[in-house]
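Chemist: Below is one structure. I have some questions about it.
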Amino acid sequence: MPSTSTPAPIRGDEHPARAKRARPRVNWWLTGVMAALSLTVLVPLYFTVVTALKTTGQLGGPGFGLPDTVRWANFADAWTLTNFPSALLNSALITVGAVAVTLLTNSLVAYAIARNMHRRLFRGLYYYFVSALFVPFPIIMLPVVKQTSLLGLDNQAGLALLYVVYGLALNIFLYVGYLRSVPRELEEAARTDGAGTWTIFWRIIFPLLKPMNATVGILTCLWAWNDFMLPLVVLSDPAEQTLPLAQYVFQNQFNTDYPVAFASYLMAMAPVLLVYVFAQRWVISGVMRGSAK
Numbered sequence: 004m005p006s007t008s009t010p011a012p013i014r015g016d017e018h019p020a021r022a023k024r025a026r027p028r029v030n031w032w033l034t035g036v037m038a039a040l041s042l043t044v045l046v047p048l049y050f051t052v053v054t055a056l057k058t059t060g061q062l063g064g065p066g067f068g069l070p071d072t073v074r075w076a077n078f079a080d081a082w083t084l085t086n087f088p089s090a091l092l093n094s095a096l097i098t099v100g101a102v103a104v105t106l107l108t109n110s111l112v113a114y115a116i117a118r119n120m121h122r123r124l125f126r127g128l129y130y131y132f133v134s135a136l137f138v139p140f141p142i143i144m145l146p147v148v149k150q151t152s153l154l155g156l157d158n159q160a161g162l163a164l165l166y167v168v169y170g171l172a173l174n175i176f177l178y179v180g181y182l183r184s185v186p187r188e189l190e191e192a193a194r195t196d197g198a199g200t201w202t203i204f205w206r207i208i209f210p211l212l213k214p215m216n217a218t219v220g221i222l223t224c225l226w227a228w229n230d231f232m233l234p235l236v237v238l239s240d241p242a243e244q245t246l247p248l249a250q251y252v253f254q255n256q257f258n259t260d261y262p263v264a265f266a267s268y269l270m271a272m273a274p275v276l277l278v279y280v281f282a283q284r285w286v287i288s289g290v291m292r293g294s295a296k
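Going by the working numbering, the first residue of the sequence shown is number 4, and it counts up by one from there.
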């Protein structure tokens, strides 16, 4: 049956012209700040792309001009000098391993802490893990190198494990904040139906952590892919070097061949940039939900 309700009358002070003027106004100061901040990313990216397409003889001046002749061979040279397929495979193996183990273990630890924060032990563990955020890596670098060598972990598996351990502080902070928003009634209903703790976590809680899993996954992926310091001090076999280590060759023997170096940087950046473009929606939503709780 169609509704017979009549539209609310327009009050005298709600003139249509005034309602039109009530639209959200543009905050030009904030827009200007955002534009200025975006330039800090776009300008270096433009400089990198332009330099990668130039010849060495075109590098004079401020460097922002377009290349007179595009030299695509820079990418081929970078592919050969860095042994790009091998370095790419090493980085991919370490990154995938670090992300997978991080998601499986860190979420489980965070779930145990979040559901037992009323206990002194788990509350103390939470603050213990979070306090690690304030410990800079150079302080513990030498002990880490010594221990990984003694334990036979100075390889790709050990490096992936270090990413899992060092990411625990931030990930616990994010996961626990998000888990506080998950209603306990879901778990109580599952327990009434006979589900155990493991079943509740893997079938109910872990799927609900999808936005936060995306956030933690992409942050771990970016860190493991771009990191230079840990692979430098941990990996002992040159055949296992990652892309950032392979690009270190341009800082020494070929330090004057900037076009090839910048072409190599673009090639290394492309895979993780694609991952971020496809996952940024979940990353932003996950961070916002975790920080709001």
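We put the CB at the ideal spot given by N, CA and C, even for glycine. For clarity, every value in this text was computed on a predicted model and none was experimentally measured.
On the criterion of 16 or more Cβ atoms from any shown chain inside 10 Å, does Tyr307 qualify as buried, or is it exposed?
Modeler: Only positions 4 to 296 of the chain appear in the structure, and residue 307 is not among them; the question remains open.
Chemist: Locate the alpha helix (DSSP H) running through Glu243, then write down its first and last residues.
Modeler: Locating residue 243 in the sequence shown gives position 240, where the first residue counts as 1. Taken as a continuous stretch (DSSP letters only), Glu243 belongs to no alpha helix (DSSP H), as it is neither H nor E.
Chemist: May I ask which residues mark the beginning and end of the alpha helix (DSSP H) holding Asn77?
Modeler: Along the sequence shown, one-based indexing puts residue 77 at 74. Unbroken alpha helix (DSSP H) run through Asn77: 76-84.
Chemist: By the three-class DSSP mapping on this structure, what secondary structure does Thr72 have?
Modeler: Taking the first residue of the sequence shown as position 1, residue 72 is located at position 69. Residue state, collapsed to three classes: coil.
Chemist: Assign Ile116 to one of two classes, buried (16 or more other C-beta atoms within 10 Å of its C-beta) or exposed (fewer than that).
Modeler: The sequence position of residue 116 within the sequence shown is 113, counting from 1. The residue in question, Ile116, is buried, as its Cβ has 16 or more Cβ neighbours within 10 Å.
Chemist: Return yes when the Cβ of Leu48 is within less than 7 Å of the Cβ of Pro70, no when it is not.
Modeler: Along the sequence shown, read from residue 1 onward, the residue named residue 70 stands at position 67. Along the sequence shown, read from residue 1 onward, the residue named residue 48 stands at position 45. Not a contact, by the Cβ cut-off of 7 Å.
Chemist: I believe Ala282 touches Ile221 by the beta-carbon criterion, under 8 Å. Please report the beta-carbon distance rounded to the nearest angstrom.
Modeler: Here residue 282 refers to the residue found at position 279 of the sequence shown. Here residue 221 refers to the residue found at position 218 of the sequence shown. Right, their Cβ atoms sit about 5 Å apart.
Chemist: Pop quiz: Pro234 and Pro247 are said to be a contact at Cβ under 8 Å. What is the actual Cβ separation, rounded to whole angstroms?
Modeler: Locating residue 234 in the sequence shown gives position 231, counting from the first residue. Locating residue 247 in the sequence shown gives position 244, counting from the first residue. 7 Å between Cβ atoms; contact.
Chemist: Among Tyr114, Val73, Thr151, which has the Cα closest to the Cα of Trp201?
Modeler: Stepping through the sequence shown from its first residue, residue 201 is reached at position 198. Ranking the options by Cα distance to Trp201, first place goes to Tyr114.
Chemist: With respect to the alpha helix (DSSP H) encompassing Lys213, which residues constitute its N-terminal and C-terminal limits?
Modeler: Within the sequence shown, residue 213 is the residue found at index 210, counting from 1. From DSSP, the alpha helix (DSSP H) with Lys213 extends over 213-229.
Chemist: Just checking my contact of Phe176 with Val133 at CB under 8 Å: how many whole Å lie between their CB atoms?
Modeler: Reading the sequence shown from its first residue, position 173 is the one you call residue 176. Reading the sequence shown from its first residue, position 130 is the one you call residue 133. Phe176 to Val133, Cβ: 5 Å. Contact.
Chemist: Provide the residue span of the alpha helix (DSSP H) that contains Trp31, from first to last.
Modeler: Counting from one through the sequence shown, the residue named residue 31 turns up at place 28. That run of the alpha helix (DSSP H) goes 31-55.
Chemist: Less than 8 Å between C-beta atoms, sequence neighbours within five positions excluded: which residues of the same chain meet that for Asn109?
Modeler: In the sequence shown, counting from the first residue as 1, residue 109 sits at position 106. Excluding positions up to five away in sequence, the list reads Val167, Gly170, Leu171, Asn174, Ile175, Tyr178, Val219.
Chemist: In whole angstroms, give me the CA-to-CA distance for Leu107 and Lys149.
Modeler: Against the sequence shown, residue 107 aligns to sequence position 104. Against the sequence shown, residue 149 aligns to sequence position 146. If I take the Cα positions, the gap works out to 27 Å.
Chemist: Since I believe Ile207 is in contact with Glu190 (beta carbons under 8 Å), could you give me their beta-carbon distance rounded to a whole number of angstroms?
Modeler: Here the question's residue 190 lines up with position 187 in the sequence shown. Here the question's residue 207 lines up with position 204 in the sequence shown. Confirmed, about 7 Å.
Chemist: Take Ala242 as the anchor and find which of Phe204, Leu33, Gly127, Phe87 has the nearest alpha-carbon.
Modeler: Position 239 of the sequence shown, counting from 1, holds the residue named residue 242. That would be Phe87, whose Cα lies nearest to the Cα of Ala242.
Chemist: Rounding to the nearest angstrom, what Cα-Cα distance links Ile142 and Val236 in this structure?
Modeler: Mapped onto the sequence shown, residue 142 falls at position 139. Mapped onto the sequence shown, residue 236 falls at position 233. Their backbone Cα atoms lie some 13 Å apart in a straight line.
Chemist: Going by the CB atoms, is the gap between Asn93 and Thr223 shorter than 7 Å?
Modeler: Position 220 of the sequence shown, counted from the first residue, corresponds to residue 223. Position 90 of the sequence shown, counted from the first residue, corresponds to residue 93. Result no, Cβ atoms of Thr223 and Asn93 do not sit closer than 7 Å.
Chemist: Hey, could you find the ends of the alpha helix (DSSP H) Ser89 is sitting in?
Modeler: Indexing the sequence shown from 1 puts residue 89 at position 86. Looking at the DSSP string, the run of the alpha helix (DSSP H) that includes Ser89 is 87-117.
Chemist: Under 7 Å between the Cβ atoms of Ala227 and Ala101?
Modeler: Sequence index remark: in the sequence shown, residue 227 carries index 224 (1-based). Sequence index remark: in the sequence shown, residue 101 carries index 98 (1-based). A contact, by the Cβ cut-off of 7 Å.
Chemist: Please check the pair Phe78 and Met270, which I expect to be a contact at CB under 8 Å, by giving their CB distance rounded to whole angstroms.
Modeler: Reading the sequence shown from its first residue, position 75 is the one you call residue 78. Reading the sequence shown from its first residue, position 267 is the one you call residue 270. Going by Cβ atoms, the distance from Phe78 to Met270 rounds to 6 Å, so yes, they are a contact pair.
Chemist: Starting from Ile175, trace the alpha helix (DSSP H) both ways and give me its first and last residue.
Modeler: On the sequence shown, residue 175 is found 172 positions in, with the first residue counted as 1. Taken as a continuous stretch (DSSP letters only), the alpha helix (DSSP H) holding Ile175 covers 171-182.
Chemist: Ordered along the chain, which non-local residues of its own chain (more than five positions away) have a Cβ less than 8 Å from that of Tyr268?
Modeler: Start at 1 with the first residue of the sequence shown, and residue 268 comes out as number 265. Same-chain partners within the cutoff: Thr51, Ala55, Gln250.
Chemist: Can you tell me whether DSSP reads Thr195 as helix, strand or coil?
Modeler: Along the sequence shown, one-based indexing puts residue 195 at 192. Thr195: helix per DSSP, three-state reduction.
Chemist: I need the boundaries of the alpha helix (DSSP H) containing Pro139, first residue and last residue.
Modeler: For the purposes of this step, residue 139 is taken as residue 136 along the sequence shown, with counting starting at 1. Unbroken run through Pro139: none, as it is neither H nor E.
Chemist: Is it right to say Leu73 is buried, meaning 16 or more other beta carbons lie within 10 angstroms of its own, or is it exposed?
Modeler: Here the question's residue 73 lines up with position 70 in the sequence shown. Position check: residue 73 holds Val in this sequence, whereas Leu was assumed. Counting Cβ neighbours within 10 Å, Val73 comes out exposed, since fewer than 16 surround it.
Chemist: Which of helix, strand or coil does DSSP assign to Gly127?
Modeler: Looking up residue 127 in the sequence shown gives position 124. The answer is helix: DSSP assigns Gly127 an H, G or I state.
Chemist: Within the continuous alpha helix (DSSP H) that includes Thr58, where are the two ends?
Modeler: On the sequence shown, residue 58 is found 55 positions in, with the first residue counted as 1. It is not in any alpha helix (DSSP H) - Thr58 carries neither H nor E in the DSSP assignment.
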